[in-house]
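Trainee:
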Amino acid sequence: MKKTDKNLRKSDIIAIGLVLSVAAVIGAFFLMTMVNYVKAMEWEVREPMSDSDKALYSNAVLLPGLADSFERYAAKGIRDCDYLVETRLFQSYDEMCAALPEGCDAGTDAAIAKNTSEPATDIKNCEITRYTVSADLPLADRENLAEKYRYSYVGAFISYYVYRYPDNTWRFAVLIRDT
53 MKKTDKNLRK SDIIAIGLVL SVAAVIGAFF LMTMVNYVKA MEWEVREPMS DSDKALYSNA
113 VLLPGLADSF ERYAAKGIRD CDYLVETRLF QSYDEMCAAL PEGCDAGTDA AIAKNTSEPA
173 TDIKNCEITR YTVSADLPLA DRENLAEKYR YSYVGAFISY YVYRYPDNTW RFAVLIRDT
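For the sequence shown, the tail end lands on 231 under the numbering used here, and the numbers increase by one without skipping.
#1: What is the C-beta distance between valine 226 and tyrosine 183, in whole angstroms, given that I count them as a contact (C-beta under 8 Å)?
#2: Distance, Cα to Cα, glycine 218 vs glutamine 143?
#3: What are the start and end residues of the alpha helix (DSSP H) that includes alanine 162?
#4: Which class does leucine 227 belong to by DSSP, given the choice of helix, strand or coil?
#5: Let me make sure I understand the geometry here. Which of Ala150, Met148, Tyr212, Ala172 has the alpha-carbon closest to that of tyrosine 109?
#6: Under a three-way DSSP split, which group does lysine 176 fall into?
#7: Less than 8 Å between the CB atoms is what I'm expecting for leucine 114 and cysteine 156, so what's the real figure, rounded?
#8: Quick one, which of Arg223, Thr231, Glu195 has its alpha-carbon nearest proline 116's?
#9: I'd like to know whether the C-beta atoms of tyrosine 125 and valine 137 end up nearer to each other than 7 Å.
#10: Please state whether DSSP places aspartate 134 in a helix, a strand or coil.
#11: Do you know how far the Cα of valine 74 is from the Cα of tyrosine 205?
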């Protein structure tokens with residue numbers, strides 16, 4: 053059989069089929085990888101928190117007196133995860149300050165007074181106004197923590213926040229960046 057411009061040989065058809073098959077497999081693998089990456093960058097919310105989780109995270113953020121107020125936490129990331137721990141929702145700022153460990157109100161008051169808020173979302177993607185608490189928190193010394201919590205998240209970057217919701221309810225949150 054003679055090859056012409058309009059006719060393809062069987063070997064040409066097989067070669068084109070193989071190339072298209074390999075391209076489809078590579079494309080599917082790339083698509084699955086991107087979907088997994090996007091899913092890993094979303095908060096995986098875990099609530100309600102167990103008593104052991106409350107104790108772990110309250111000690112990890114050096115505020116052991118905060119355990120009773122924690123309500124939920126979430127994780128996101130692939131290798132080095134971020135953990136965001138949030139207290140229960142408070143009906144007023146004063147109620148939140150009363151529930152926090154003694155001495156925290158100085159740090160939260162300073163954060164609100166600076167008025168350097170930023171729009172953000174909580175772990176359930178609700179719109180909030182976030183205030184960063186950068187000083188004046190009564191953080192515990194690691195040496196004063198129970199032995200099993202002493203080395204939790206050593207070297208992690210810990211950020212403390214006050215959330216104000218549009219309905220004027222409040223929440224205290226802590227971000228642990230374990231990098």
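Glycine included, every Cβ here is placed at the ideal spot set by N, Cα and C. All figures in this text were calculated on a predicted structure; none of them were measured in a lab.
Mentor: Quick look at the numbers:
#1: Here residue 226 corresponds to residue number 174 of the sequence shown, with the count starting at 1. Here residue 183 corresponds to residue number 131 of the sequence shown, with the count starting at 1. No, valine 226 and tyrosine 183 are not in contact; Cβ-Cβ is about 13 Å, not under 8 Å.
#2: As a position in the sequence shown, residue 218 is number 166, starting the count at 1. As a position in the sequence shown, residue 143 is number 91, starting the count at 1. Reading the sequence as shown, one finds proline at residue 218 and not glycine. The C-alpha of proline 218 lies about 12 Å from the C-alpha of glutamine 143.
#3: Your numbering for residue 162 matches position 110 in the sequence shown. Note, alanine 162: alpha helix (DSSP H), 156-166.
#4: Walking along the sequence shown from the start, residue 227 turns up at place 175. Note: leucine 227 maps to strand in three-state DSSP.
#5: Your numbering for residue 109 matches position 57 in the sequence shown. Tyrosine 109 has its Cα closest to that of Tyr212, out of Ala150, Met148, Tyr212, Ala172.
#6: Numbered from its first residue, the sequence shown carries residue 176 at position 124. Three-state DSSP puts lysine 176 in coil, outside helix and strand.
#7: Against the sequence shown, residue 114 aligns to sequence position 62. Against the sequence shown, residue 156 aligns to sequence position 104. About 12 Å separates the two Cβ atoms, so there is no contact after all.
#8: To locate residue 116, count along the sequence shown from 1; it is residue 64. Nearest of Arg223, Thr231, Glu195 to proline 116, Cα basis: Glu195.
#9: Start at 1 with the first residue of the sequence shown, and residue 125 comes out as number 73. Start at 1 with the first residue of the sequence shown, and residue 137 comes out as number 85. The Cβ-Cβ distance between tyrosine 125 and valine 137 falls below 7 Å.
#10: On the sequence shown, residue 134 is found 82 positions in, with the first residue counted as 1. Note: aspartate 134 maps to strand in three-state DSSP.
#11: Looking up residue 205 in the sequence shown gives position 153. Looking up residue 74 in the sequence shown gives position 22. In this structure, the straight-line span from the alpha carbon of tyrosine 205 to that of valine 74 is close to 44 Å.
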